[in-house]
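Q: So the sequence lines, in the order shown, correspond to chains C and B.
Count the first sequence with the working numbering and you get residues 1 to 111, in order.
Count the second sequence with the working numbering and you get residues 1 to 115, in order.
First the structure, then my questions, so here it is.
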Amino acid sequence: KQEVTQIPAALSVPEGENLVLNCSFTDSAIYNLQWFRQDPGKGLTSLLLIQSSQREQTSGRLNASLDKSSGRSTLYIAASQPGDSATYLCAVMSNTGKLIFGQGTTLQVKP
Amino acid sequence: NAGVMQNPRHLVRRRGQEARLRCSPMKGHSHVYWYRQLPEEGLKFMVYLQKENIIDESGMPKERFSAEFPKEGPSILRIQQVVRGDSAAYFCASSPPRMGQGEAFFGQGTRLTVV
Chain C
1 KQEVTQIPAA
11 LSVPEGENLV
21 LNCSFTDSAI
31 YNLQWFRQDP
41 GKGLTSLLLI
51 QSSQREQTSG
61 RLNASLDKSS
71 GRSTLYIAAS
81 QPGDSATYLC
91 AVMSNTGKLI
101 FGQGTTLQVK
111 P
Chain B
1 NAGVMQNPRH
11 LVRRRGQEAR
21 LRCSPMKGHS
31 HVYWYRQLPE
41 EGLKFMVYLQ
51 KENIIDESGM
61 PKERFSAEFP
71 KEGPSILRIQ
81 QVVRGDSAAY
91 FCASSPPRMG
101 QGEAFFGQGT
111 RLTVV
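Rendered as structure tokens:
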């Protein structure tokens with residue numbers, strides 16, 4: 001049974017810092033891995049999608065890596081801003097399209 | 001091309017009532033997934049449907065919950081005799097017939113409050 005774990009559960013950093021969010025999964029048979037952002041009381045915003053055959057994806061200040069053999073992914077956020085404050089969710093997709101989510105990392109970027 | 005539409009956005013029900021949550025997938029999408037997010041918890045898969053078929057309901061509670069995706073119209077998640085523990089945000093995602101990259105398109109969710 002696939003399990004997804006995110007560390008840390010919460011993170012508070014001053015503005016401008018680079019930071020890394022971690023995600024691990026137990027079953028390497030995944031279709032892809034996705035990172036989402038969720039603001040309080042809101043829906044999910046897709047940030048990055050990494051196919052199972054890929055190693056990383058980049059979008060602006062965000063970079064996500066995938067090491068399928070070790071069951072790990074990291075989301076790197078460069079030069080953090082207060083507007084980055086949100087909960088970041090990692091999810092792995094099975095071959096049927098079902099997503100298994102981690103518990104999320106709640107990020108606070110202080111001005 | 002409208003995104004995944006869920007309604008209502010907020011729903012308040014008294015204990016024992018029925019809740020009906022609707023999800024209209026993106027145009028051309030024939031696969032629908034329902035997820036539940038309990039307070040202070042992550043999203044949990046509930047059910048995967050294709051038109052007129054339930055493909056995977058391994059995440060559905062055994063009682064009071066049902067889902068359908070008819071040939072015409074939106075997908076419906078139905079909760080009978082709601083209890084306070086059903087209070088949560090319910091999200092729907094849709095995907096096209098072929099998975100392609102597997103990008104998941106989510107609706108804004110329905111926030112159910114049971115009083």
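Every residue, glycine too, gets a C-beta built ideally from N, C-alpha and C.
Taking Cβ positions only, does C:Asn-22 come closer than 8 Å to chain B?
A: As a first step, residue 22 of chain C must be located in the first sequence, where it is residue number 22. For C:Asn-22, the answer is no, since every Cβ of chain B falls outside 8 Å of its Cβ.
Q: Mind pulling the beta strand (DSSP E) runs of 3 or more residues that sit fully within the segment 11 to 49 of chain B?
A: List check, beta strand (DSSP E) in window: 19 to 24 and 31 to 37.
Q: Taking the straight line between their C-alpha atoms, what separation do you get for C:Gly-102 and C:Thr-5?
A: Numbered from 1 along the first sequence, position 102 holds the residue referred to as residue 102 of chain C. Numbered from 1 along the first sequence, position 5 holds the residue referred to as residue 5 of chain C. One C-alpha to the other measures close to 5 Å.
Q: Hey, is the segment 43 to 53 of chain C in contact with the segment 3 to 18 of chain C, meaning 3+ C-beta pairs nearer than 8 Å?
A: The segment 43 to 53 of chain C, when compared against the segment 3 to 18 of chain C, does not touch it at the 8 Å Cβ threshold.
Q: DSSP on B:Asp-56, reduced to helix/strand/coil?
A: Reading the second sequence from its first residue, position 56 is the one you call residue 56 of chain B. Correct three-state label for B:Asp-56: strand.
Q: Quickly, what does DSSP pair C:Leu-99 with across the bridge? List them, please.
A: Here residue 99 of chain C refers to the residue found at position 99 of the first sequence. Answer is C:Met-93.
Q: For a cutoff of 8 Å on Cβ pairs, would you count C:Lys-98 as touching chain B?
A: Against the first sequence, residue 98 of chain C aligns to sequence position 98. So yes, C:Lys-98 belongs to the interface.
Q: Let me see if you follow: with CB-CB separation under 8 Å, is C:Asn-18 close to chain B or not?
A: Walking along the first sequence from the start, residue 18 of chain C turns up at place 18. Not an interface residue.
Q: Which residues share a DSSP beta bridge with C:Pro-14?
A: By one-based count along the first sequence, residue 14 of chain C stands at place 14. Answer by DSSP bridge pairing, in chain order: C:Lys-110.
Q: Which whole-angstrom value describes the C-beta separation of B:Gln-50 and B:Phe-69, a residue pair presumed to lie in contact below a C-beta threshold of 8 Å?
A: Your numbering for residue 50 of chain B matches position 50 in the second sequence. Your numbering for residue 69 of chain B matches position 69 in the second sequence. Contact holds; Cβ gap of about 7 Å.
Q: Helix, strand or coil, according to DSSP, for B:Arg-84 in the structure here?
A: Position 84 of the second sequence, counted from the first residue, corresponds to residue 84 of chain B. Reduced to three states, the DSSP call for B:Arg-84 is helix.
Q: What is the C-beta distance between B:Ala-93 and B:Tyr-33, in whole angstroms, given that I count them as a contact (C-beta under 8 Å)?
A: Taking the first residue of the second sequence as position 1, residue 93 of chain B is located at position 93. Taking the first residue of the second sequence as position 1, residue 33 of chain B is located at position 33. The pair is a contact, with the Cβ atoms about 5 Å apart (cut-off 8 Å).
Q: Check whether the Cβ of C:Asn-32 lies closer than 8 Å to any Cβ atom in chain B.
A: As a working note, residue 32 of chain C is residue 32 in the first sequence. C:Asn-32 counts as touching chain B.
Q: What is the rounded straight-line gap between the Cα of C:Thr-105 and the Cα of B:Gln-108?
A: Start at 1 with the first residue of the first sequence, and residue 105 of chain C comes out as number 105. Start at 1 with the first residue of the second sequence, and residue 108 of chain B comes out as number 108. So the two alpha carbons sit approximately 20 Å from each other.
Q: In chain C, what lies closer than 8 Å to B:Ile-55 by C-beta?
A: Here residue 55 of chain B is taken as the residue at index 55 of the second sequence, counted from 1. The answer, in chain order, is Thr-96.
Q: Could you check the C-alpha separation between C:Asp-67 and C:Arg-55 for me, to the nearest Å?
A: To locate residue 67 of chain C, count along the first sequence from 1; it is residue 67. To locate residue 55 of chain C, count along the first sequence from 1; it is residue 55. Cα to Cα, the separation comes out at about 7 Å.
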